[in-house]
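So for the sequence shown, the numbering used here puts the first residue at 479; every next one is plus one.
Notes follow once the structure below has been shown.
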Amino acid sequence: MSKRSFLCLVVIGALLASSCIANGKRLFKDDFEGDTVGKEPKNFEKIANPTNSADFQMEVIKDPKGESDKVLHTRGYALHIPTVAGRDSWADWIWEWDWMWSEKGYPGTAFRITGTEYYHISPRNDNQNVGFWYYNGAWNQRGALVQYDFGLNTWNRFQVTAKGDTFTLKIKRRNDDTLFEKIKPLLEVTDSTLKKGPLSACGTNIDAWVDNFIVGETAADMTFSVEPADKLAATWGAIKNQD
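Written out as structure tokens, the structure is:
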């Protein structure tokens with residue numbers, strides 16, 4: 479194949495890929511790189527809820543382990559949700575984020591938030607078990623606790639999937655390259671109470687950090703690295719290396 483033909487094919491392919499990405503079903507993403515260190519993240523807002531702690535704080539800082547650049551630091555527990563259109567209608571999705579905490583506690587999530595009610599996945603303060611709850615003014619556990627060694631000051635990658643009345647949780651170390659589709663669900667729960675609503679990685683009673691927060695409707699949406707600009711940059715790099 480001539481260099482000219484290769485160039486045409488690769489550029490067309492890159493443009494098609496870029497178009498698909500731009501028109502995909504990614505609902506939200508934030509790696510906090512566009513935020514100012516020492517300030518609250520511009521793409522999240524705290525919302526009122528009876529479970530919020532009065533001393534809750536959140537700010538963007540440098541990754542304390544130096545493995546990333548900017549990350550979200552939280553202290554205390556509170557619902558803080560993406561400031562994006564359509565969030566109240568989120569129903570079926572895949573949600574992934576990196577999460578780390580400094581001490582044993584009760585790091586928690588909230589999703590399908592409806593008024594003051596929400597679903598809640600949370601590791602226990604033994605740092606060895608995790609479970610699922612429905613909160614409606616009281617904590618109603620669904621299913622049994624399951625074991626996972628989270629570690630302290632350890633970055634883990636979380637994936638929660640909501641599809642109809644079924645919810646699954648998968649976890650791996652952040653530096654584990656295994657695709658989530660090849661990882662067995664750690665937790666799977668069925669509940670039909672709540673149908674839609676926004677979500678939040680709520681923090682815990684001690685220091686916690688969040689990074690690479692992304693929500694999409696399909697597995698193809700769950701990436702930060704493949705963007706139109708990156709795709710075209712990689713394409714031109716390939717062209718330059720052709721004889």
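Using N, Cα and C, we set each Cβ at its ideal position, and we do this for glycine too.
| field | Local Cβ density within 10 Å of Phe506, reported as buried at 16 or more and exposed below that | value | Buried is the call here.
| query | So, helix, strand or coil for Arg565, using DSSP? | reply | Three-state result, Arg565: helix.
| query | Would you say Phe534 and Gly694 are within 9 Å of each other, going by their C-beta atoms? | reply | Not in contact: Phe534 and Gly694 (Cβ atoms no closer than 9 Å).
| Sub-9 Å separation of Gln726 and Tyr626 beta-carbons | The chain is shown from 479 up to 721; residue 726 falls before or after that span and cannot be answered.
| Which residue comes first and which comes last in the beta strand (DSSP E) that contains Asp508? | Taken as a continuous stretch (DSSP letters only), the beta strand (DSSP E) holding Asp508 covers Arg504 to Asp508.
| query | So the beta strand (DSSP E) Gly678 belongs to, where does it begin and stop? | reply | In the sequence on display, residue 678 carries Ser and not Gly. Boundaries of the beta strand (DSSP E) around Ser678: Leu677 to Gly694.
| Buried or exposed: Gly609, going by 16 or more other Cβ atoms within 10 Å of its Cβ? | Answer is buried; the Cβ neighbour count reaches 16.
| task | Could you spell out the range, first to last residue, of the beta strand (DSSP E) harbouring Thr592? | result | Taken as a continuous stretch (DSSP letters only), the beta strand (DSSP E) holding Thr592 covers Gly586 to Thr592.
| request: Have a look at Leu557, Gly593 and Trp575 and flag the residue whose alpha-carbon is nearest the alpha-carbon of Leu647. | output: Cα-wise, what sits closest to Leu647 is Trp575.
| said: Are the CB atoms of Gly593 and Val667 within a distance shorter than 9 Å? | reply: In this structure, Val667 sits away from Gly593, with a CB-CB distance that is not shorter than 9 Å.
| In the structure shown, what three-state DSSP assignment does Lys540 receive? | Here Lys540 carries a strand assignment [DSSP, helix/strand/coil].
| Leaving out the 5 sequence neighbours to the left and right, which residues in its chain are closer than 7 Å to Met700 when beta-carbon positions are compared? | The beta carbon of Met700 sits closer than 7 Å to the beta carbons of Ile572, Glu574, Ile692 and Gly694 from its chain, once the five residues preceding and following it are set aside; these are given in chain order.
| field | Rounded Cβ spacing between Asp685 and Trp568 (contact assumed at less than 8 Å) | value | Contact doesn't hold; Cβ gap of about 28 Å is too wide.
| When DSSP builds the beta bridges, which residues end up paired with Ala640? | Listed as beta-bridge partners of Ala640 by DSSP are Trp571 and Phe645.
| CA nearest to the CA of Asp513, picked from His551, Glu595 and Leu672 | It is His551 whose Cα lies nearest to the Cα of Asp513.
| query | Where Phe702 and Tyr612 are concerned, what is the direct C-alpha to C-alpha distance, given to the nearest angstrom? | reply | Those two C-alpha atoms are separated by around 31 Å.
| request: Tell whether a beta-carbon distance below 9 Å holds between Gly642 and Asp566. | output: No, the pair does not count as a contact, with Cβ atoms beyond the cut-off.
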